Amino acid sequence: MRSSHGTYFPDDSVRICLPVGTGTGGPPVNNESQPARRSRRGAAASTASETVAAPTPPSTQAVEMEVLQQLLMAMNSVREGDFSVQLPAHWEGMSGKLADAFNDIVNQNKRLANDLARVAQRVGGEGRTRQRMPSANRQGQWSDMESSINGLIRDMARPIETMTEAMAAVAKGDLSRTVPLDSDGRPLQGEFLRAANIVNRMLEQMSEFSSEVTRVALEVGTAGRLGGQAKVKGVSGVWKDLTDSVNQMASNLTA
């Protein structure tokens, strides 16, 4: 049998030859030109490249590491006495709770430091011994520290106040006052005890001298008993000079 192209085939093997790319069984015909294909491939490659370069959100581990680094830096600042440092307030979750707790601790330290500086200036610098640490609703050890500081100021101020009261009484002619050797039921110790004993000894000498001068004056001037002499034990310095002067005056009166 002759084909349409002039080729003969045996009767039992007749086949129909179709052009390549046509018919129902062949691949689809691609009529796109090469420049168009190159342009399309370039656009696809560019799109793929942009997709790969897009930023990805940080991992949980990276976020935790950043939190720990900021916390470490803040703790080092506090260790060096910088109470102005604060952790970010926008942290959320467990990191936010950690930041809130840390900031509260720093603020407590800052308030305590400010209160200490204020009361130290008023008590030590201005002599206002009745000043105390203000109550700031502190709890636990914070409250104990506040009470300890106020107790320290009170214990230091009380002996000074009693000495001042005794000296004020002397200025008014009352030589019977003495400085107590205890404060709020507790015996004085150290320099407080030493200062109280010195003041009491001074008051005792003044009282003895005053009593002796009064006795000699009464004996000589009122009772007419000449030759009276003042006797004050353990006096020295100006006290001894005053005693000698009184005795000399009494001797001159009887000469």
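With the sequence shown counted from 1, adding 12 to any position gets you my numbering.
Ideal Cβ placement from N, Cα and C applies to all residues, glycine included.
The structure displayed is predicted, hence computed values, not measured ones.
Item, Value
"Three-state secondary structure (DSSP) of V41", "Bear in mind that the predicted position of V41 carries a pLDDT of just 47, short of 50, making it too unreliable to give a figure here."
"Sequence ranges, beta strand (DSSP E) only - wholly within the region 178-219, length at least 3", "none"
"Three-way DSSP call (helix, strand, coil) for K243 in this model", "coil"
"Which of helix, strand or coil DSSP assigns to D94", "coil"
"Range covered by the alpha helix (DSSP H) that runs through R144", "First-last for R144: undefined, no H or E at that position."
"Length of the line joining the Cα atoms of Q82 and Q73", "14 Å"
"Reduced DSSP category for L164 - H, G, I as helix; E, B as strand; rest coil", "helix"
"Candidates D156, R142, P192: closest to A148 by CA position", "D156"
"Segment limits, alpha helix (DSSP H) that includes L124", "105-132"
"Contacting residues, own chain, Cβ-Cβ under 7 Å from V191 (five flanking each side not counted)", "T174, M175, A178, A208, V211, N212"
"CA nearest to the CA of V244, picked from A229, L230, V225", "V225"
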